[in-house]
Amino acid sequence: MDIGYTAAQLRAAAVDAVRAPSLHNTQPWRLRLRAGGIEVLADPGRRLPATDPSGWGVRIACGAALFNLRIALAVTGPPPRVRLRPDPAEPDLLARLVPDTPRRPTPTEQSLYAAIPRRFSNRLPFWPDPVPADARWLLGEAARIEQCWLELLIGVSAVSAFGEIARSAHRVLERDPAYRAERDGWLRREFTPDGVPASAGGPQGEPQDVLPTRGYGGRDRAPGRDFEPEPLVGVLGSVGNTAVDQVIAGQALQRLLLTATDAGLSVSMLSQPIEVAPAREQLRLSLGRFGTPQMVLRIGYGQPGRPTPRRSVDEVLDLPVVPA
């Protein structure tokens, strides 16, 4: 009979869970201890109405936090059994974790766990060093293990074709005043526990760039210079596009990001072509893949990324009240 997780175990694992990425660093998750199980919930108050009207980005972020929870618990205590969307009557409840049979953590789990505090989005230009075949294989395996797929776009032609889709989606988004106001509202020029600091925004985009950038208030660049001449782009996709598929994709995303970090790679995310439905479908057709693209990644070698702030663990925890 399972005795359940304790509040102390939840609090310790939550330190790692909240290091997951999210759109505009909104951190749209809550963690709850109920009947000995740890539950991951979407926080609807932190959804982005203009950027993420369907809640796709919230579920991706919560899936990434769920993966960190899984790894932290597997390394520091009893590994969890996970049930996704366990209660149809509570749509914001995305996952429930209960203790499984105790075992020793695997070397892969230990490596991924060690990478959690070292994973940062890197919006700076990457070096021209190519990502070797063995590292690309590891990234593909990370997606496959989590029931997703990764398509790597290698070469000028493939990246340029994708760039046209991404820039078109970026223009659609930028024409929406609500989208621009929402993005600017999460840009931070002074310290706050959420949002994107201008120091982590990366250089401003230029018209000649192959890939679009959000424009989080980073430095201007000299005109006429490419951001990157030939980036490695990866498209992460899932079999379907239900709420469960999106949580699964969030877990695959985080496994992939931690795998990249462990391999010494830098990554940033490019979600504009996912946020615009026609662009997402155009991307799917261009890849010839069955399923749904869920995130686009820019992958390479570069100087260390800058961490973005996180809310305190106490702000995201719901613990049972202990009677006096």
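Residue numbering for the sequence shown follows UniProt numbering, beginning at 1 and increasing consecutively.
Using N, Cα and C, we set each Cβ at its ideal position, and we do this for glycine too.
For clarity, every value in this text was computed on a predicted model and none was experimentally measured.
- Contact check for A61 and P21: beta-carbon distance about 7 Å, within the 8 Å limit, so the pair qualifies.
- The residue among P105, I38, R19, V244 with its C-alpha nearest the C-alpha of C148 is V244.
- CA-to-CA, the gap between W29 and E141 works out to about 27 Å.
- For S160, there is no enclosing beta strand (DSSP E); the residue is part of the alpha helix (DSSP H) that begins and ends at 156-174.
- Here L187 carries a strand assignment [DSSP, helix/strand/coil].
- For S266, the closest of A158, L124, F191 by C-alpha to C-alpha distance is L124.
- The alpha-carbon separation between I274 and V233 amounts to approximately 14 Å.
- Bridge pairing for E39: R32, R96 [DSSP].
- Assigned with DSSP and collapsed to three states, D87 falls in coil, not helix or strand.
- DSSP lists V235 as the bridge partner or partners of E151.
- With the rule of 3 Cβ pairs closer than 8 Å, the segment 8-17 counts as touching the segment 68-83.
- 9 Å or more divides the Cβ of A64 from the Cβ of L211.
- Taken atom to atom, the span from the alpha-carbon of G155 to that of R103 is near 44 Å.
- Note that the C-beta distance between A249 and Q294 is below 9 Å.
- Taking the CA atoms as reference points, G291 sits about 22 Å from S160.
- By the Cβ rule, the segment 185-197 counts as touching the segment 301-318, because three or more pairs are nearer than 8 Å.
- Annotation: V172 to E182 spans about 15 Å, alpha carbon to alpha carbon.
- The C-beta distance from R70 to V247 rounds to 12 Å, too long to fall under 8 Å, and the pair is not in contact.
- With distances taken between CA atoms, D209 lies nearest to G163 out of V235, D176, G163.
- By the criterion of a C-beta distance shorter than 7 Å, E230 is surrounded in its chain by V156, V159, once the five residues flanking it on both sides are discounted.
- As a beta-bridge residue in DSSP terms, R81 pairs with V98.
- Counted as a single uninterrupted DSSP element, the alpha helix (DSSP H) harbouring S286 occupies residues 277-287.
- With respect to I3, P99 sits close: the two C-beta atoms are nearer than 9 Å.
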